[in-house]
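Take this note's numbering: the last position of the sequence shown gets the number 259, and nothing is skipped along the way.
Ideal Cβ positions, reconstructed from N, Cα and C, are used throughout, including at glycine.
Notes follow once the structure below has been shown.
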Amino acid sequence: MKKQNMLALGLVVMALSACAPTAKQIKEAIEKDPSIVFVAIEKEPDKFIEVVNKAAQDAQRKAQEKAMDEEKRQRDEEFKNPLKAEVEEGRVIFGNKNAKVTIIEYSDFECPYCSKGYNTVKEILNTYKDDVRVVFKHLPLPMHPEARPAAEYFEAVAKQSHEMAHKFHDLVFENQNELRGKKDAFLKDAAKKVGADLGKLAKDLKDESIAKRIDADSAEANKFNFSGTPGFIINGVSLRGAYPAQDFKEIIDRHLGKK
């Protein structure tokens, strides 16, 4: 009789004699002869896969629950001690400039997740009308080569008109594939479409204040530990990633005192 069969028989005998093996005994038996496990897997591979998948799903669920608990704890802490972002004069602001709730958005024009964030922010502005404003800031990531040039164009267009900059912002996010494919040609064409003076634009793109603003935005985002995009600070409370509108609404409603 093979060794693993002898061990299995021993475990059965112990069970029948009302002396079931302890977890320690089973562990020791498997450590002495791991082939016991292999034989069991070969005998019922489907059952093994089912058990492994369930264990993986349980582990993932527990990790998500832990992350959600940690996020809630951090969010409650930020309601008590809000993050303080700068809103300098001359920034492009979407929505009512005197709104009760300010969303600081750190974004990357080439990031696909920022495109999702763009659509969510549009929904939020449409929902809250005069109660919410958005200050658009820049966090161009190294893996997106067209993000920084797009940010520079945005700020250069804003020197001519904030309204044109808003339209430019929308045009870029709605045509990210063209940004990646046509690069500067697309940016120049987008600026032209929103009505920018291309001669003045070319001069303003060389203005050091634009580079300094983008660098300052990135430094501020890093200070708040935003390592990816998009990132949002809603009256001092952070959301890190392309969250659905409901997550924004929960924070906004709490700031507005709504149930």
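Thr-102 and Phe-248 closer than 8 Å at C-beta: The residue labelled residue 102 in the question sits at position 102 within the sequence shown. The residue labelled residue 248 in the question sits at position 248 within the sequence shown. The answer is no: Cβ separation not under 8 Å.
query: Can the beta-carbon of Asn-222 be found closer than 8 Å to that of Pro-82?
result: Position 222 of the sequence shown, counted from the first residue, corresponds to residue 222. Position 82 of the sequence shown, counted from the first residue, corresponds to residue 82. Contact flag unset, no.
Phe-38 beta carbon less than 8 Å from that of Leu-139: As a first step, residue 139 must be located in the sequence shown, where it is residue number 139. As a first step, residue 38 must be located in the sequence shown, where it is residue number 38. Cβ distance not < 8 Å, so Leu-139 and Phe-38 don't count as in contact.
message: By the three-class DSSP mapping on this structure, what secondary structure does Lys-137 have?
response: Within the sequence shown, the letter at position 137 stands for residue 137. Looking at Lys-137 - three-state DSSP - the assignment turns out to be strand.
- prompt: Rounded to whole angstroms, how far is the Cβ of Val-157 from the Cβ of Ala-196, which I believe are closer than 8 Å?
  reply: Here residue 157 is taken as the residue at index 157 of the sequence shown, counted from 1. Here residue 196 is taken as the residue at index 196 of the sequence shown, counted from 1. With a beta-carbon spacing of about 5 Å, Val-157 and Ala-196 fall inside the 8 Å limit used to define contacts.
message: Tell me the rounded alpha-carbon separation between Gly-241 and Ile-41.
response: Locating residue 241 in the sequence shown gives position 241, counting from the first residue. Locating residue 41 in the sequence shown gives position 41, counting from the first residue. So the alpha carbons of these two residues sit roughly 41 Å apart.
field: Environment of Phe-79 [buried if 16+ CB atoms lie within 10 Å]
entry: Position 79 of the sequence shown, counting from 1, holds the residue named residue 79. Result: exposed.
Val-121: first and last residue of the uninterrupted alpha helix (DSSP H) it sits in: Walking along the sequence shown from the start, residue 121 turns up at place 121. Bounds of the alpha helix (DSSP H) holding Val-121 are 112 to 128.
- prompt: What is the DSSP secondary structure of Val-237, counted as helix, strand or coil?
  reply: Here the question's residue 237 lines up with position 237 in the sequence shown. Here Val-237 sits in strand by DSSP.
field: Contacts around Tyr-243, its chain only, beta-carbon distance under 6 Å, and the 5 residues preceding and following it disregarded
entry: Taking the sequence shown and counting its residues from 1, one reaches residue 243 at position 243. No residues qualify anywhere along the chain.
task: Output the boundary residues of the alpha helix (DSSP H) element that contains Tyr-276.
output: Given that the chain is displayed from residue 1 to residue 259, the structure contains no residue 276 and the question cannot be resolved.
message: With three or more beta-carbon pairs closer than 8 Å as the criterion, would you say the region 177 to 187 touches the region 197 to 210?
response: no
query: With distances taken between CB atoms, is the gap from Ala-165 to Phe-109 smaller than 8 Å?
result: In the sequence shown, residue 165 corresponds to position 165, counting from 1. In the sequence shown, residue 109 corresponds to position 109, counting from 1. Against a cut-off of 8 Å, the Cβ pair of Phe-109 and Ala-165 comes out as no contact.
Limits of the unbroken alpha helix (DSSP H) element including Ala-42: As a working mapping, residue 42 is identified with position 42 in the sequence shown. Looking at the sequence provided, one finds Glu at residue 42 rather than Ala. Segment 35 to 43, the alpha helix (DSSP H) holding Glu-42.
Rounded straight-line distance, which links the Cα of Ile-252 to that of Ile-26: Mapped onto the sequence shown, residue 26 falls at position 26. Mapped onto the sequence shown, residue 252 falls at position 252. Near 55 Å, if we compare the C-alpha coordinates of Ile-252 and Ile-26.
task: Report the option in Gly-231, Glu-77, Ala-99 whose CA atom is closest to the CA atom of Leu-256.
output: Numbered from its first residue, the sequence shown carries residue 256 at position 256. Closest by alpha carbon: Ala-99.
query: From which residue to which residue does the alpha helix (DSSP H) around Arg-105 run?
result: The residue you call residue 105 lines up with position 105 of the sequence shown. The displayed chain sequence assigns Glu, not Arg, to residue 105. Where Glu-105 is concerned, there is no enclosing alpha helix (DSSP H), although the beta strand (DSSP E) it sits in stretches over 101 to 107.
Gly-95: first and last residue of the uninterrupted beta strand (DSSP E) it sits in: Taking the first residue of the sequence shown as 1, we reach residue 95 at position 95. 93 to 95 is the extent of the beta strand (DSSP E) around Gly-95.
message: Spatial neighbours of Tyr-118 within its chain, please: C-beta separation below 6 Å, excluding the five flanking residues on both sides.
response: The residue labelled residue 118 in the question sits at position 118 within the sequence shown. Cβ within range, chain order: Phe-173.
field: Proximity winner among Cys-111, Ile-214, Asn-53, Val-87, relative to Pro-145 (alpha-carbon distances)
entry: Sequence index remark: in the sequence shown, residue 145 carries index 145 (1-based). The shortest C-alpha separation from Pro-145 is found at Cys-111.
message: Just to confirm, is the Cβ distance from Thr-229 to Tyr-106 under 8 Å?
response: Looking up residue 229 in the sequence shown gives position 229. Looking up residue 106 in the sequence shown gives position 106. Yes, Cβ-Cβ distance for Thr-229 and Tyr-106 is below 8 Å.
message: Suppose only complete runs of 4+ residues qualify. What are the alpha helix (DSSP H) ranges in the region 164 to 239, listed by chain order?
response: 176 to 182, 184 to 193, 198 to 204, 208 to 223
field: Cβ shell of Cys-114 (< 6 Å), same chain only, five flanking positions each side left out
entry: Taking the first residue of the sequence shown as position 1, residue 114 is located at position 114. Excluding sequence neighbours, Cys-114 sits near Ser-107, Asp-108, Thr-229, Pro-230.
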